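As structure tokens, the structure follows; a few thoughts come after it.
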Amino acid sequence: MERTAVVTGASSGIGAATARRLAEAGYRVVLTARREDRLKAMTAELTGEGHDAAARLLDVTDRAAVDAFAASLERCDVLVNNAGGAIGAEPVASSDPADWRTMYEVNVLGTLHMTQALLPKLIESGDGTVVVLSSTAAFTAYEGGGGYVAAKSGAHALAGTLRLELCGEPVRVIEIAPGMVRTDEFAVNRFRGDEAKAAAVYQGVDQPLLAEDVADTVVWAVTRPSHVNVDLLVVRPRAQAAQHKVHRRG
Ligand code: 8X3
Numbered sequence: 500m501e502r503t504a505v506v507t508g509a510s511s512g513i514g515a516a517t518a519r520r521l522a523e524a525g526y527r528v529v530l531t532a533r534r535e536d537r538l539k540a541m542t543a544e545l546t547g548e549g550h551d552a553a554a555r556l557l558d559v560t561d562r563a564a565v566d567a568f569a570a571s572l573e574r575c576d577v578l579v580n581n582a583g584g585a586i587g588a589e590p591v592a593s594s595d596p597a598d599w600r601t602m603y604e605v606n607v608l609g610t611l612h613m614t615q616a617l618l619p620k621l622i623e624s625g626d627g628t629v630v631v632l633s634s635t636a637a638f639t640a641y642e643g644g645g646g647y648v649a650a651k652s653g654a655h656a657l658a659g660t661l662r663l664e665l666c667g668e669p670v671r672v673i674e675i676a677p678g679m680v681r682t683d684e685f686a687v688n689r690f691r692g693d694e695a696k697a698a699a700v701y702q703g704v705d706q707p708l709l710a711e712d713v714a715d716t717v718v719w720a721v722t723r724p725s726h727v728n729v730d731l732l733v734v735r736p737r738a739q740a741a742q743h744k745v746h747r748r749g
């Protein structure tokens, strides 16, 4: 059976682009996400092009569902923990703890559930890879980013701890930390659907990263020879030299 890659949050953005690139690289790809229509459309697009792709409806915060999903898989060689995101941009003083909880649930516990459930199969593959999509937010706090910074710091801690604990097992742990990426949904979700505020994030920025750029880095890291572990890869647009240092035209 072909090498199998599981991608979470695969119905849009970085997840969808990563699923596509992995399929193009010859993996059988299992796309998982919560939104059935988008998930099926994305999967149909790939199978229509002759790729081996399957769609599985899955909420990574639902442990029972994650366990059932893992049990149903014949094999798993690559797990890309992409599902995540930011909700709200309020200061710490006035942010809603429920948003923090949701961000922690998806960005950290979602990755934990998927990784725990699939680890036996990743080890059994003899050459497994866990990818954690964190963020430059894992390393630098910024105003209005509190809950997201905390959650991505958690994802970074999970990746680092797991790498230590798996040392000696045939499983690599790769953390990819993107900076500014313009996707259809990330900033819109952060600003609770306010398209104008979301667009302002990228205002005047010459070429923010696209989902495909991040997907390229994921697939590059995953397709290195087994003994090469791209431990942590930070990727930003040229116009973003640091979290707060963004060049804008005009
Ligand atoms: C997204 C990057 O700068 O919005 O993970 O935190 S940032």
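Residue numbers for the sequence shown follow the numbering used here, so the first one is 500 and each next one is one higher.
Yeah, the Cβ is synthetic: ideal placement off N, Cα and C, and Gly gets one too.
Note that this is a predicted model, so its numbers are computed, not measured.
Check your understanding: Beta-carbon separation of Gly584 and Asn728 under 8 Å?
Key -> Numbered from 1 along the sequence shown, position 85 holds the residue referred to as residue 584. Numbered from 1 along the sequence shown, position 229 holds the residue referred to as residue 728. Their beta carbons are not under 8 Å apart, which means Gly584 does not touch Asn728 by this criterion.
Exercise for review: Any chance you could list the residues with Cβ under 5 Å from a heavy atom of the ligand 8X3, keeping chain order?
Suggested key: Those residues that have a beta carbon less than 5 Å away from any non-hydrogen atom of the ligand 8X3 are, in order along the chain, Ser634, Ala636.
Check your understanding: Is the beta carbon of Gly653 sitting closer than 8 Å to the one on Asn606?
Key -> By one-based count along the sequence shown, residue 653 stands at place 154. By one-based count along the sequence shown, residue 606 stands at place 107. Result yes, Cβ atoms of Gly653 and Asn606 sit closer than 8 Å.
**Study point:** Assigned exposure category for His743 - 16 Cβ within 10 Å defines buried
**Key:** As a working mapping, residue 743 is identified with position 244 in the sequence shown. Taking all protein chains shown into account, His743 has fewer than 16 neighbouring C-beta atoms within 10 Å of its C-beta and is therefore exposed.
Review point. Do Leu457 and Val713 have their C-beta atoms closer together than 8 Å?
Key: Residue coverage of the chain in this structure runs from 500 to 749, which leaves residue 457 outside it and unanswerable.
Review point. Looking only at its own chain, which residues have a Cβ that is under 7 Å from the Cβ of Leu634, when we skip the five neighbours before and after it?
Key: Here residue 634 refers to the residue found at position 135 of the sequence shown. Looking at the sequence shown, residue 634 is not Leu but Ser. Closer than 7 Å at the Cβ level, and outside the excluded window around Ser634, lie Lys651, Ala676, Pro677.
**Study point:** Pro707 classed as buried or exposed, judged by whether at least 16 other C-beta atoms fall within 10 angstroms
**Key:** In the sequence shown, residue 707 corresponds to position 208, counting from 1. Of the other Cβ atoms in all chains shown, 16 or more fall within 10 Å of the Cβ of Pro707; this residue is therefore buried.
Exercise for review: State buried or exposed for Thr660, treating a residue as buried only when at least 16 other CB atoms are found within 10 Å of its CB.
Suggested key: Against the sequence shown, residue 660 aligns to sequence position 161. That one is exposed.
Practice item. Assign Ala524 to one of three DSSP states: helix, strand, or coil. Key: Reading the sequence shown from its first residue, position 25 is the one you call residue 524. Here Ala524 sits in coil by DSSP.
**Study point:** Nearest to Leu572 (by Cα), restricted to the options Glu623, Arg747, Ala516
**Key:** Residue mapping note: residue 572 aligns to position 73 of the sequence shown, counting from 1. Among Glu623, Arg747, Ala516, the Cα nearest to that of Leu572 belongs to Glu623.
Check your understanding: In chain order, what residues of the same chain have a beta carbon less than 7 Å from the beta carbon of Arg537, not counting five sequence neighbours either side?
Key -> As a first step, residue 537 is located in the sequence shown; it is residue number 38 there, counting from the start. Same-chain partners within the cutoff: Ser510, Ser511.
Check your understanding: Taking the C-alpha atoms as reference points, what is the distance between Ser594 and Phe638?
Key -> For this step, residue 594 is matched to residue 95 along the sequence shown. For this step, residue 638 is matched to residue 139 along the sequence shown. Answer to the nearest angstrom: the Cα atoms are 20 Å apart.
Practice item. Hey, could you find the ends of the alpha helix (DSSP H) Leu557 is sitting in? Key: For the purposes of this step, residue 557 is identified with residue 58 of the sequence shown, where counting begins at 1. Unbroken run through Leu557: none, as it is neither H nor E.
Check your understanding: Which partner residues does Arg671 have in the DSSP bridge list?
Key -> By 1-based counting over the sequence shown, the position of residue 671 is 172. Thr628, per the DSSP bridge assignment.
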